[in-house]
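So the sequence shown is numbered by numbering that gives the first Met the number 0: it starts at 0 and just counts up by one.
Idealized CB from N, CA, C, for every residue including glycine.
Down below is the structure, laid out as structure tokens.
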Amino acid sequence: MGAERGIMSKEGKESKKNRWVISNVLYAFKCAWNCKKLFLVGMMLWAVATALVGYVWQFAVKYVIEAIEKGWDAKTVIYIVVAAGVIYAALYVVEVCSEQIQEYTGSYIVYHYRRKYNRKFMAMDFEKLENPEMLDEAEKAGKGCDFGGGILIGLCNTEYFLKDLVSAIIAAVVAATLNPWLLLVFTAIGLIKAVIQVRTKEVDKRECWDKMSPYYRKLRYLGQVQSDFSFAKDVRLFNMREFLKKKHIATNAAAHKLFLGHKNRWLKWNVKNLALSLLEMALQYGYLIYAFCFGDLTIAYFTLYITVMNTYTNSIRYLFDYYAELKNNSMQIDDYRNFVEEEELSLVKRSDLIPIPKSDKYVVEFKNVSFKYKGAKVYALKNVNLTLETGKSLAIVGLNGAGKTTLIKLLCRLYDVSEGEILLNGINILRFDRKEYYKLFSAVFQNVELFALSLGENVAMSERSKVDDKKSRKCASGRRA
């Protein structure tokens with residue numbers, strides 16, 4: 000039973016979904032649509048306006064040079080410049096306004112899905128929260144819903160991708176009138192760059208950032224221990240300064256080794272990218288100079304083709320760059336989706352759950368209960384048989400590690416048994432809704448945690464509007480409420 004529920008077993012890892020880029024991009028769009036539709040409006044306006052604004056002066060310069068070559072009067076040239084200026088200004092206003100819209104609405108999207116991430120933590124089975132592998136998964140998932148990656152940056156990279164797609168289409172239409180074969184060559188070079196970059200990003204995420212997750216958690220913990228006043232007495236009394244320092248240095252060194260691998264991977268990519276870019280420039284300028292010197296290419300069209308071909312090669316490069324970024328964002332969104340969509344451990348379907356019987360007296364019975372922590376070789380509890388009744392007291396005494404805390408975790412259903420069963424008034428507690436079952440208990444654990452709330456809220460464990468202050472005072476004083 001326990002093995003079947005193992006969420007991070009080998010089988011569990013294989014069941015993690017690796018979705019296509021388009022699936023995760025659509026998921027990001029759905030996130031924005033459900034949260035702030037205005038973000039998508041701003042995104043589309045920005046992509047189109049930014050793509051078009053780059054061409055205004057390219058065509059204006061071409062027409063001005065052509066007007067001078069053909070001997071047109073100065074008034075015509077001024078009209079061309081003024082018209083270009085008006086169009087440029089209008090597109091620039093749209094670009095700036097759409098940027099502001101996205102900045103305003105983007106934070107809502109991040110906070111909304113960050114709250115969903117946090118709520119998943121609060122609702123997750125307690126057993127998973129003590130699983131280091133799940134915590135590593137959560138560390139990776141956090142990148143999918145912050146300001147620096149995942150959903151929001153995936154949307155931004157899609158926006159840049161659309162902008163360069165529009166720009167590349169316009170440039171391709173113009174440049175094709177010069178030589179369509181040259182476009183195919185540039186596209187092929189861009190594709191080679193993209194394949195190398197995408198593979199580099201995939202390897203980098205797998206070999207650096209995924210493996211970095213446990214080190215981030217350890218470094219945060221060690222930093223907390225070294226700076227938290229509550230640890231200060233132990234650090235001094237037991238002379239732990241050097242011990243903690245060595246731990247920190249060793250963990251940091253391991254993380255740094257992964258980071259050096261990251262830097263080396265991207266150094267190799269930059270060398271390859273530079274070589275391909277130099278080849279691209281040589282072909283572009285070489286062909287245009289040849290066409291001008293030995294063909295019928297005019298100065299006006301030479302100027303236009305120079306800028307348009309530059310725009311095309313840059314757009315193609317950025318298209319593949321942003322596709323590579325989208326692949327990386329897609330992996331982060333995958334991590335986020337796998338985490339927030341992680342199913343509960345319970346084998347009982349929600350439709351099969353039954354209500355907890357109403358009673359003034361409950362009897363809890365442990366029947367041949369055994370429990371083994373994930374990865375442990377020995378059982379924490381073995382063949383426990385025990386009966387607990389309302390109104391009666393029972394003291395369980397034992398050495399550290401004897402299983403007292405584990406017994407309470409099983410009783411409260413923070414964990415589910417590996418073998419045997421726990422019955423409430425003769426019914427297996429797995430048949431009940433976990434949240435409803437929790438309401439039967441008022442546990443006081445060894446480590447008492449006070450929340451940064453009022454005393455009444457801490458006692459009642461309820462929102463302020465539902466707290467009875469008089470009743471909370473009686474409970475806190477030990478008197479019967």
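Quiz prompt | Residue from Lys-35, Glu-158, Val-52 with nearest C-alpha to Tyr-317 | solution = Here the question's residue 317 lines up with position 318 in the sequence shown. Considering only alpha carbons, the answer is Glu-158.
Quiz prompt | Straight-line Cα distance separating Glu-136 from Lys-256 | solution = As a first step, residue 256 is located in the sequence shown; it is residue number 257 there, counting from the start. As a first step, residue 136 is located in the sequence shown; it is residue number 137 there, counting from the start. Between the alpha carbons of Lys-256 and Glu-136 lies a distance of about 21 Å.
Quiz item: Rounded C-beta distance between Lys-192 and Phe-319? I'm assuming under 8 Å.
Solution: Counted from its first residue, the sequence shown places residue 192 at position 193. Counted from its first residue, the sequence shown places residue 319 at position 320. At roughly 6 Å, the Cβ-Cβ gap stays under 8 Å, so Lys-192 and Phe-319 are in contact.
Exercise. Could you pull out every unbroken alpha helix (DSSP H) segment of at least 4 residues lying fully inside the stretch 127-188, listed in chain order?
Key: As far as the stretch 127-188 is concerned, its whole alpha helix (DSSP H) runs of at least 4 residues are 131-141, 149-174.
Self-check item: Three-state class that DSSP yields for Gly-11 in the structure shown
Solution: Looking up residue 11 in the sequence shown gives position 12. The predicted model places Gly-11 with a pLDDT of 40, which falls under 50 and marks its position as unreliable; any figure quoted below should be read in that light. Correct three-state label for Gly-11: helix.
Quiz item: Which partner residues of Asn-427 appear in the DSSP bridge assignment?
Solution: Residue 427 sits at position 428 when you count from the first residue of the sequence shown. Asn-427 is bridged to Leu-422.
Quiz item: Would you call the stretch 317-336 and the stretch 67-83 touching, i.e. three or more CB-CB distances under 8 Å?
Solution: Proximity of the stretch 317-336 to the stretch 67-83 falls short of the contact definition, fewer than three beta-carbon pairs being nearer than 8 Å.
Quiz prompt | Separation of Asp-124 from Leu-134, as counted between CA atoms | solution = Position 135 of the sequence shown, counted from the first residue, corresponds to residue 134. Position 125 of the sequence shown, counted from the first residue, corresponds to residue 124. For Leu-134 and Asp-124, the distance between alpha carbons rounds to 12 Å.
Quiz item: Could you give the residue range of the alpha helix (DSSP H) that holds Glu-364?
Solution: Taking the first residue of the sequence shown as position 1, residue 364 is located at position 365. Glu-364 -> not in any alpha helix (DSSP H); beta strand (DSSP E) instead, spanning 362-370.
Practice problem: Taking Asn-178 as the reference, give the member of Leu-282, Phe-228, Gly-41 with the closest Cα. | Solution: On the sequence shown, position 179 is the one that residue 178 refers to. Taking only the C-alpha atoms, the option nearest Asn-178 is Leu-282.
Quiz item: What's the gap between the Cα of Ala-253 and the Cα of Asn-272?
Solution: Within the sequence shown, the letter at position 254 stands for residue 253. Within the sequence shown, the letter at position 273 stands for residue 272. Ala-253 and Asn-272 have their C-alpha atoms spaced approximately 29 Å apart.
Practice problem: Could you tell me whether the stretch 104-111 touches the stretch 146-155, where touching means 3 or more Cβ pairs closer than 8 Å? | Solution: Contact holds between the stretch 104-111 and the stretch 146-155, because three or more Cβ pairs, one in each stretch, are under 8 Å apart.
Exercise. Between the Cα of Ile-315 and those of Leu-287, Ser-212, Phe-185, Pro-131, spot the shortest distance and give me the residue it belongs to.
Key: Mapped onto the sequence shown, residue 315 falls at position 316. With distances taken between Cα atoms, Ile-315 lies closest to Phe-185.
Practice problem: Assign Thr-386 to one of two classes, buried (16 or more other C-beta atoms within 10 Å of its C-beta) or exposed (fewer than that). | Solution: What you label residue 386 is simply residue 387 of the sequence shown in a count that begins at 1. With fewer than 16 Cβ atoms within 10 Å of its Cβ, Thr-386 is classed as exposed.
Practice problem: Use the C-beta contact count for Val-172: other C-beta atoms within 10 angstroms, 16 or more gives buried, fewer gives exposed. | Solution: Position 173 of the sequence shown, counting from 1, holds the residue named residue 172. Val-172 comes out exposed.
Exercise. Determine the extent of the alpha helix (DSSP H) in which Glu-241 is found, giving its start and end residues.
Key: Counted from its first residue, the sequence shown places residue 241 at position 242. It spans 240-293 - the alpha helix (DSSP H) in which Glu-241 sits, taken as one unbroken run.
Quiz item: Under a Cβ-count criterion, where at least 16 other Cβ atoms within 10 Å of its own Cβ denotes burial, should Val-368 be classed as buried or exposed?
Solution: Locating residue 368 in the sequence shown gives position 369, where the first residue counts as 1. So Val-368 counts as buried.
Quiz item: How about Lys-61 and Ala-290: are their beta carbons less than 8 Å apart?
Solution: Here residue 61 refers to the residue found at position 62 when the sequence shown is read from its first residue. Here residue 290 refers to the residue found at position 291 when the sequence shown is read from its first residue. A distance of 8 Å or more separates the beta carbons of Lys-61 and Ala-290.
Exercise. Indicate the three-state DSSP secondary structure (helix, strand or coil) for Asn-446 in the structure shown.
Key: Residue numbering aside, residue 446 sits at position 447 when the sequence shown is read from its first letter. DSSP places Asn-446 in coil when its eight states are reduced to three.
Exercise. Give the secondary structure of Thr-297 by DSSP, where H, G and I count as helix, E and B as strand, and everything else as coil.
Key: As a position in the sequence shown, residue 297 is number 298, starting the count at 1. The answer is coil: DSSP assigns Thr-297 none of H, G, I, E or B.
Quiz item: Run through DSSP, which three-state label would Thr-386 get?
Solution: If you number the sequence shown from 1, residue 386 lands on position 387. Strand, per DSSP.
Quiz item: For the candidate residues Ile-426, Gly-374, Phe-370, whose alpha-carbon lies nearest to that of Thr-404?
Solution: Here residue 404 is taken as the residue at index 405 of the sequence shown, counted from 1. Looking only at Ile-426, Gly-374, Phe-370, the smallest Cα-Cα distance to Thr-404 is reached by Phe-370.
Quiz prompt | Proximal residues to Arg-412 (C-beta, below 7 Å), its chain only, five neighbours per side dropped | solution = Along the sequence shown, one-based indexing puts residue 412 at 413. Setting aside the 5 residues that flank it on each side, Arg-412 is surrounded in the same chain by Ile-428, Arg-433, Tyr-436, each with a C-beta closer than 7 Å to its C-beta; the list follows chain order.
Quiz item: Out of curiosity, what's the CA-to-CA distance linking Asn-313 and Ala-66?
Solution: On the sequence shown, position 314 is the one that residue 313 refers to. On the sequence shown, position 67 is the one that residue 66 refers to. One C-alpha to the other measures close to 29 Å.
Practice problem: Enumerate in chain order the residues of its own chain whose CB-to-CB distance from Val-377 is below 8 Å, with the five nearest sequence positions on each side excluded. | Solution: The count along the sequence shown starts at 1 and reaches residue 377 at position 378. Result list for Val-377: Lys-371, in chain order.
Quiz item: How many Å lie between Tyr-214 and Ser-471 at the Cα?
Solution: Position 215 of the sequence shown, counted from the start, is the residue given in the question as residue 214. Position 472 of the sequence shown, counted from the start, is the residue given in the question as residue 471. Looking at the two C-alpha atoms, the distance is approximately 43 Å.
Exercise. Return helix, strand or coil for Arg-472, following the three-state DSSP convention.
Key: The count along the sequence shown starts at 1 and reaches residue 472 at position 473. Of the three classes helix, strand and coil, the one that applies to Arg-472 here is helix, per DSSP.
Self-check item: Any 3 or more C-beta pairs closer than 8 Å across the stretch 349-358 and the stretch 212-230
Solution: As far as the Cβ criterion goes, the stretch 349-358 does not touch the stretch 212-230, which means the pair count is below three.
Quiz item: Among Trp-71, Val-52, Met-121, Ala-83, which residue has its Cα nearest to the Cα of Val-95?
Solution: Taking the sequence shown and counting its residues from 1, the one referred to as residue 95 is at position 96. Ranking Trp-71, Val-52, Met-121, Ala-83 by CA distance to the CA of Val-95 puts Val-52 first.
Quiz item: Near Asn-382, what residues of its chain come up, given a Cβ to Cβ distance below 7 Å and the 5 sequence neighbours on each side ignored?
Solution: Within the sequence shown, residue 382 is the residue found at index 383, counting from 1. So the qualifying residues of the chain are Asn-367, Ser-369.
Practice problem: Could you check which residue in Leu-406, Ala-459, Val-363 has the C-alpha nearest to that of Glu-388? | Solution: If you number the sequence shown from 1, residue 388 lands on position 389. When only C-alpha atoms are compared, the closest one is Val-363.
Self-check item: Beta-carbon proximity check, Cys-546 vs Arg-113, cutoff 8 Å
Solution: Given that the chain is displayed from residue 0 to residue 480, the structure contains no residue 546 and the question cannot be resolved.
Self-check item: Contacting residues, own chain, Cβ-Cβ under 7 Å from Val-458 (five flanking each side not counted)
Solution: Translated into the one-based positions of the sequence shown, residue 458 becomes position 459. Excluding sequence neighbours, Val-458 sits near Ser-471, Cys-474, Ala-475.
Exercise. Taking all protein chains shown into account, decide if Glu-443 is buried (16 or more other Cβ within 10 angstroms of its Cβ) or exposed.
Key: Residue 443 sits at position 444 when you count from the first residue of the sequence shown. Before going further, note that residue 443 is Val rather than Glu in the sequence given. It counts as exposed.
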